[in-house]
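First comes the structure, then the notes that go with it.
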Amino acid sequence: ICPIQYQSWTLSPYQWFNIFTLCLTPLAVHIAGGVPSPIILSGKKPHWTNRLPLFNPISILWRYYAILDRRIRWSSAWNGTVLAASNAIFWREDHWDGSEEMIGESSHFLPHTPTATRVNFLSVSSLTSVIVAVQGLSAAAYVQLGGNTADLSVFFQPLALFGLYRLPSAIWLSNEAVYTETRS
């Protein structure tokens, strides 16, 4: 077994900056923009290990798909309450619940009924969607133009490409609804 050798002494500060920004930025934006704010409906808060699956990039992609699917199937009954519940994840006693049954139940925990049926153009959610789209298009162009795929700074480029899956549901992705922990 060969010993681990420290070889990064040849990297310039510029290369370190590229590694930390270009490599980790797609991951940071994907997680920050894709993880829903949990709403705790029971007195017991979830353990940190119960929160970990929310940060999984595949869980985030499934959230995008679920919101788009729910928007298509609930098209005639889509309103602000359904939008808020579709974007939320609820902790109930010992498990996460994002089921459609929670749409009706969650309305009791809204202090005021949202009127908007889509995301406001000038919102954090819209800005996140634009950033994710630019990262995804940049990654697609990099791959299309035959960029160096052995470069460490493109380690999370596939995640940036996956971020393009956010676009079909971007108009309904929002973390702006406010829930209370008690019935209103």
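Using the working numbering, the letters of the sequence shown map in sequence onto residues 79 to 262.
Heads up, the beta-carbon is just placed ideally off N, CA and C, and yes, glycines get one too.
Here the structure is a predicted model, which means the values were calculated and not measured.
Asked, Found
"For Phe95, the first and last residue of its enclosing alpha helix (DSSP H)", "Pro91 to Asn96"
"Distance, Pro81 Cα to Arg244 Cα", "43 Å"
"C-alpha distance - Ser137 paired with Phe234, whole-angstrom precision", "17 Å"
"Sheet register partners of Trp174 (DSSP bridge)", "Trp169"
"Contact the region 211-222 vs the region 165-183: 3+ CB pairs below 8 Å", "no"
"His186 versus Ser177: straight-line alpha-carbon distance, rounded", "16 Å"
"Residue ranges of each beta strand (DSSP E) within the region 119-165, 3 or longer", "none"
"Thr206, enclosing alpha helix (DSSP H) - first and last residue", "Val202 to Gln222"
"Cutoff 7 Å; reference Asn165; Cβ partners in own chain excluding five residues on either side", "Pro114, Ile145, Leu251, Ser252, Asn253 and Ala255"
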